[in-house]
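> Okay, handing you the structure first.
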Amino acid sequence: MRPAVEWDALIERKGGYRSVCRARPLRGANVLIDPDDYVCIDIETTGLSPARESIIEIAAYRMREGAMDDAFVSFVRLINM
């Protein structure tokens, strides 16, 4: 296994939403990752402010040898307590 790559991302405002427009690797990662077997996590939200916005979808994609091997996708419904 080799060290993982941590990323620094620049968020850009486009119309009524924001998106990652540029990302670059950070130096000094101290975590190990197997480049042939890993999981990508994707979280969709209603916005970028944790104080005001909510998570609406969670996805996980397992990658093996450069191809998607398995996927999990679920919508999230918040329940006010």
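If you read the sequence shown in this note's numbering, its first letter stands for residue 25, the second for the next number, and so on. C-beta: ideal position from N, C-alpha, C; glycine also.
#1: I need the DSSP call for residue 91, collapsed to helix, strand or coil.
#2: Going by beta-carbon coordinates alone, are residue 101 and residue 62 separated by less than 9 angstroms?
#3: Identify, in the order they occur along the chain, each residue of the same chain with its Cβ nearer than 8 angstroms to the Cβ of residue 88, setting aside the five sequence neighbours on each side.
#4: Checking 9 angstroms against the spacing of the C-beta atoms, do residue 82 and residue 94 come in under that value?
#5: How long is the line joining the alpha carbons of residue 72 and residue 92, rounded to whole angstroms?
#6: Give a yes or no on whether the C-beta atoms belonging to residue 99 and residue 84 are separated by under 9 angstroms.
Once the coordinates are examined:
#1: By 1-based counting over the sequence shown, the position of residue 91 is 67. Under the three-state reduction of DSSP output, residue 91 falls in the strand class.
#2: As a working mapping, residue 101 is identified with position 77 in the sequence shown. As a working mapping, residue 62 is identified with position 38 in the sequence shown. It is not a contact, given that the beta carbons lie outside the stated cut-off.
#3: The residue you call residue 88 lines up with position 64 of the sequence shown. If we look at residue 88 and ignore the five residues flanking it on each side, its Cβ neighbours are 60, 61.
#4: The sequence position of residue 82 within the sequence shown is 58, counting from 1. The sequence position of residue 94 within the sequence shown is 70, counting from 1. Not in contact: residue 82 and residue 94 (Cβ atoms no closer than 9 angstroms).
#5: The residue given as residue 72 occupies position 48 in the sequence shown. The residue given as residue 92 occupies position 68 in the sequence shown. Distance between the alpha carbons of residue 72 and residue 92 is about 28 angstroms.
#6: Within the sequence shown, the letter at position 75 stands for residue 99. Within the sequence shown, the letter at position 60 stands for residue 84. At a Cβ-Cβ threshold of 9 angstroms, residue 99 and residue 84 do not count as neighbours.
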